[in-house]
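One gets this note's numbering by counting positions in the sequence shown from 1 and adding 88 to each.
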Amino acid sequence: MAKKSKSKDKPRQRRERRFEPRTAASPTVVYAVGAIGAVAMGAGAWEQLAPLVREGGPEPLKAALYILAAGALLVGVAIWIGTSGEPALRVGDGGLAVEKSGLRRMPWYAVEQIQWREEAVRVSGKDDSGAEMAVVARLATQPFAAAWIVKEARERIPKVVDVPEDATLPEPLASAGETLPLDPPQVVGRRCAASGKIIAYEPEARVCPRCDRAYHKAHVPEACECGASLEGLRTAKAG
89 MAKKSKSKDK
99 PRQRRERRFE
109 PRTAASPTVV
119 YAVGAIGAVA
129 MGAGAWEQLA
139 PLVREGGPEP
149 LKAALYILAA
159 GALLVGVAIW
169 IGTSGEPALR
179 VGDGGLAVEK
189 SGLRRMPWYA
199 VEQIQWREEA
209 VRVSGKDDSG
219 AEMAVVARLA
229 TQPFAAAWIV
239 KEARERIPKV
249 VDVPEDATLP
259 EPLASAGETL
269 PLDPPQVVGR
279 RCAASGKIIA
289 YEPEARVCPR
299 CDRAYHKAHV
309 PEACECGASL
319 EGLRTAKAG
């Protein structure tokens, strides 16, 4: 008699990609300014401090301090222009998130519009607390984040995507960004998207796998507002 397998299919691990912003300045300019600054700092420091370690050596050049200060200034400028002031972005199963004074997230079901304007993907909607939120992924600083936002949105919430097919976006490479594990969505305390009933316990919730919209197990519709079929969740409810 064949043995029955006791293993069950594990649910897919939720994930998201983290994208660091690029600097808008030319890398060549950044490296050149930094190199000149470093050389000036070294020369100024040597002219200023070498007489202290050599007996009978010449007096320090009067300009040594100015050369040292100018070199430090150039290095600071290189660091400044080589660092983007934009926050890191996350794109994945949980929607979009911005790393700025903490982590602020916009779930897919709360995205209202995605546009392509001024060489940037612009997303408007609400965060998971219901407050207005906007996410901007510029082609110059966040090209792969912009590409992945459009790719994921077209698969999950195509009705709100207003991005032309010929937009100058790069390919959403599988190797782009840092892949991070994502915790399950918080459903306790949320209202059922169909009935408005508050979900008091996690086992009562059924979550749309495409947009993370939550439903009470007794009020799962045939299809989610995003268009995804919920027949599997209704079967689980009946069982």
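All C-beta atoms, glycine included, are put in the ideal place defined by N, C-alpha and C. Predicted model, so just to flag it, every value in this text is computed and none were measured.
I'd like to know whether the C-beta atoms of residue i and residue j end up nearer to each other than 7 Å.
i    : j    : result
W196 : R244 : yes
P273 : V295 : yes
W183 : R193 : For clarity, residue 183 is Gly in the given sequence; the question names Trp instead. Yes, the pair counts as a contact, with Cβ atoms nearer than the cut-off.
R105 : V179 : yes
Use the C-beta contact count for residue i: other C-beta atoms within 10 angstroms, 16 or more gives buried, fewer gives exposed.
i    : result
I202 : buried
Y303 : buried
G277 : exposed
T229 : buried
D216 : buried
D300 : buried
P291 : exposed
Let me see if you follow: with CB-CB separation under 7 Å, is residue i close to chain B or not?
i    : result
L177 : Among the chains in the structure shown there is no chain B, since it carries only a single protein chain.
Suppose the cutoff is 8 Å on Cβ atoms and the five residues either side in sequence are ignored; what does the same chain contact list for residue i look like?
i    : result
V248 : V199, E200, Q201, I202 and A241
E313 : Y197, A281, C299 and R301
K188 : P175
Please report the residue range of the alpha helix (DSSP H) in which residue i lies.
i    : result
I237 : P231 to R244
The beta strand (DSSP E) with residue i in it runs from where to where?
i    : result
S212 : A208 to K214
I202 : V199 to W204
V224 : E220 to R226
P269 : E266 to P269
E187 : G183 to E187
V179 : A176 to G180
Can you find the residues in the same chain that come closer than 6 Å, C-beta to C-beta, to residue i, ignoring five residues on each side of it along the sequence?
i    : result
A264 : F232
L161 : none
R102 : D181 and L270
C280 : Y303, H304 and H307
P297 : none
V224 : A208 and R210
So, for residue i: in the same chain, excluding its five sequence neighbours on each side, which residues have a beta-carbon less than 7 Å away from its beta-carbon?
i    : result
G315 : none
T267 : R103 and R105
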